[in-house]
Ligand SMILES: NC(=O)c1ccc[n+]([C@@H]2O[C@H](COP(=O)([O-])OP(=O)(O)OC[C@H]3O[C@@H](n4cnc5c(N)ncnc54)[C@H](O)[C@@H]3O)[C@@H](O)[C@H]2O)c1
């Protein structure tokens, strides 16, 4: 069902790699809700070609951009405004990558080159995106920017290794930039802290399947799906959440505030 929540709004959606990607679902929902937008991803991700299907389905153009490159991001914001015919109303940062996680390197032995790469791709890219947009005055007043994060920024999950530190940085950038962009241009910036989700990035984490089931049996509502996450992002892009900024918003079926569930106690053979 569509509510026309984004009718007339222009956006930039990063990170749609395949149909499991959270960004893919956000693009589908944004299209349903009446937005026009540009899709972007790293040039290397274009090789898979999947994004073309999404572009066709949503009537969008694709602008390849490496989110670590200020030059690429400048072109992204310049061309997007030209294609869409005005300033940008919403931006989704849905970008994450850790070579340390990919290579299953334990936290105590992190490779620092990989660590820096992870920071650059997954956190600094957010600052760069915001800084480029801010300099160009490319986002309209009351525009909304959302980045996706995970609760390992607050609590330790040993297998999330350097990404835990990187997500803490990402969330801090949302608060810090949110202050400046808010006071100067009324642009709002939030992070959405999403449940474990079966995507390329998610499945790359050691023991992800078991952890997914664990989180699902803790959360009173169960894990939030990528589609649910997309719905939440749409509300944040809409005018119905105009006064929400500089927040880290948990979207996790209640997982983050549950101590233990009866389901977990049952699994352990403990009577509650
Ligand atoms: N899957 C989960 O369990 C989960 C949970 C919470 C938060 N998140 C976050 O959600 C976001 C999206 O991840 P996803 O789960 O949809 O996985 P995904 O693998 O589908 O998306 C990650 C995207 O990052 C893009 N990317 C990587 N390097 C890039 C670069 N240099 N420039 C531009 N784009 C680049 C990839 O091409 C890919 O499209 C990430 O920030 C991730 O950390 C995921």
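In the numbering used here, the protein residues as written are 534 to 805. From the three backbone atoms N, C-alpha and C, an ideal C-beta is built for every residue, glycine too. Since the model is a prediction, treat every value here as computed from it, not as a measurement.
Under the three-state reduction of DSSP, residue 721 is assigned to strand. Rounded to whole angstroms, residue 769 and residue 758 show a C-alpha spacing of 17 Å. Minimum Cα-Cα distance from residue 566 among the listed residues 541, 584, 742 corresponds to 541. The three-state secondary structure of residue 632, taken from DSSP, is helix. One Cα belongs to residue 804, the other to residue 749, and the distance between them is close to 20 Å. Under DSSP, residue 625 takes part in a beta bridge, and its partners are 546, 679. About 12 Å separates the CB atoms of residue 689 and residue 700; that is not less than 8 Å, and the two are not in contact. Fully enclosed alpha helix (DSSP H) runs of no fewer than 4 residues occupy 658–669 of the stretch 646–670, in order along the chain. Not one heavy atom of ligand 1 lies closer than 7 Å to the C-beta of residue 612. Beta-bridge partners of residue 606 (DSSP): none assigned.
Placement of the Cβ of residue 740 at a distance of 7 Å or more from every heavy atom of ligand 1 is found.
Under DSSP, residue 571 shares a beta bridge with 545, 594.
With 16 or more other Cβ atoms from the protein chains shown falling within 10 Å of its own Cβ, residue 547 counts as buried. For residue 764, the enclosing alpha helix (DSSP H) covers residues 759–770. For residue 583, same chain residues with a beta-carbon under 6 Å away, outside a window of 5 residues either side, are 551 in chain order.
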